[in-house]
Ligand SMILES: Nc1ncnc2c1ncn2[C@@H]1O[C@H](COP(=O)(O)OP(=O)(O)O)[C@@H](O)[C@H]1O
Ligand SMILES: [Mg+2]
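Residue numbers (the working numbering): 10 to 378.
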């Protein structure tokens, strides 16, 4: 489903009203009234429980991150929000509209950039954007000006008049972002907008999102990139196995954990059994609160320590046990530590564990039905 499908056949009056929303919203911006309010959302795909009772509030004008590994339920949640999928239970309010009872009105308030980008290969970017603008009934002159300013903002240059079939992944994503923004939606929802993108495209997407937030657009984006959510989000929810396991600003979540982190690599690439043995020997040092094996990084060990003084105790124990030390580094808590504390594994390990188990083409087919 493409972003422009959401506005298909929407009555012109409602569309005009929706276009005024960015301005109206500042007038009606009441503290505590979320642009998005989700309560008790559950969803199963056949026997698979994708969401197990999610509550979420996104405040106007904020950039909210939904962070979670592959299979956490991010896409399912965003598709429910965009009214493309019905939940088994729960309530969805967008701009105060009950989206389950009045999906058409809710759709008028949002732009959606889906995870899977399916762009017509024959049309040029300009043709596709013009078609999209016509679906929104935007007056031709305003539409042309909007296409010009959006594609300049997104650094599309000459590509605008080339066939979409020749676009790179990054260029396709930029075009999809432009289509979602044509009608000035007050709420922009993006599903993993930078997954697999080159660095230039990613930098542009980040820049555009920051600018939109600065102009008052509310943004909800899902990501499995810790650094993306850390860099962009005012607040975030960490979704794991269909449940919100942590919620707050990046700084507050890290602060709540307290203590320092130690990353120990016995060798550049250690054997799992050697790292596991070391982990069990380090766990009983006073002041070591948690030791987790990080398989994705050469079986390194992540230690949560109560204070900096514990570092020398760890060094002494390693020497006493004659264990090799390739590196030992100390750091402040990161978002990965927030995830690790809640689940006992790193986000990268969770990502790798699921990737091979999913049948994405079967899921895609089911989603098209
Ligand atoms: N159409 C589908 N049919 C069956 N299972 C699905 C379908 N869509 C998603 N799932 C399953 O639901 C869970 C959540 O998937 P999804 O919402 O796509 O997570 P994420 O976007 O975080 O990777 C996963 O276990 C996934 O395999
Ligand atoms: Mg997804």
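In this text, a Cβ means the ideal position worked out from N, Cα and C, and glycines have one as well.
Model, not experiment: these values are computed from the prediction.
Item	Value
Three or more beta-carbon pairs under 8 Å between the region 146–164 and the region 98–116, yes or no?	no
Does the beta-carbon of residue 200, which I'm using as the reference point, lie nearer than 8 Å to any heavy atom of ligand 1?	yes
Which residues have a Cβ closer than 6 Å to any heavy atom of ligand 1, listed in chain order?	54, 55, 57, 59, 77, 79, 80, 81, 82, 83, 84, 85, 367, 372, 375 and 376
How is residue 355 classed by DSSP in three states: helix, strand or coil?	coil
When we look at the beta-carbon of residue 195 and count the other beta-carbons within 10 Å, is it buried (16 or more) or exposed?	buried
Is residue 231 near ligand 2, in the sense that its beta carbon is under 8 Å from a heavy atom of that ligand?	yes
Check whether the Cβ of residue 306 sits closer than 8 Å to any heavy atom of ligand 2, and report yes or no.	no
Are residue 74 and residue 245 closer than 9 Å when you measure CB to CB?	yes
What number of angstroms, rounded off, separates the C-alpha of residue 350 from the C-alpha of residue 287?	20 Å
Apply the 10 Å Cβ neighbour rule to residue 39 and answer buried if 16 or more other Cβ atoms are within range, or exposed otherwise.	Below a pLDDT of 50, predicted positions are generally treated as unreliable, and residue 39, at 42, falls in that range; the measurement from the model is reported next regardless. By the 10 Å Cβ count, residue 39 comes out exposed.
First and last residue of the beta strand (DSSP E) that includes residue 62?	57–67
With DSSP as the reference, identify every bridge partner of residue 299, one or two as the case may be.	313
Can you grab the Cα-Cα spacing for the pair residue 359 / residue 153, in whole Å?	45 Å
Suppose the cutoff is 8 Å on Cβ atoms and the five residues either side in sequence are ignored; what does the same chain contact list for residue 133 look like?	169, 170, 171, 172 and 173
How is residue 279 classed by DSSP in three states: helix, strand or coil?	coil
Below 8 Å on the Cβ atoms is my guess for residue 255 versus residue 347; work out the distance and round it to an integer in Å.	5 Å
Going by alpha carbons, who is nearest to residue 137 out of 181, 117 and 125?	181
What did DSSP end up calling residue 126 once you bin it into helix, strand or coil?	coil
Taking 9 Å as the threshold (C-beta atoms), are residue 241 and residue 248 in contact?	no
Using a Cβ-based criterion (distance less than 8 Å to any ligand heavy atom), does residue 350 qualify as near ligand 2?	no
If we call anything under 9 Å between Cβ atoms a contact, is residue 213 one with residue 157?	no
Taking the continuous beta strand (DSSP E) assigned at residue 210, which residues delimit it?	Run containing residue 210: none in the beta strand (DSSP E); it sits in the alpha helix (DSSP H), 208–223.
From the DSSP secondary-structure annotation, give me the bridge partner or partners of residue 253.	248
Kindly indicate which three-state DSSP category residue 380 falls into: helix, strand or coil?	Since the first residue of the chain shown is 10 and the last is 378, residue 380 is not available in this structure.
Can you give me the start and stop residues for the beta strand (DSSP E) that residue 227 sits inside?	227–232
In the DSSP assignment, the beta strand (DSSP E) including residue 85 goes from what residue to what residue?	No beta strand (DSSP E) contains residue 85, which is instead part of the alpha helix (DSSP H) from 83–90.
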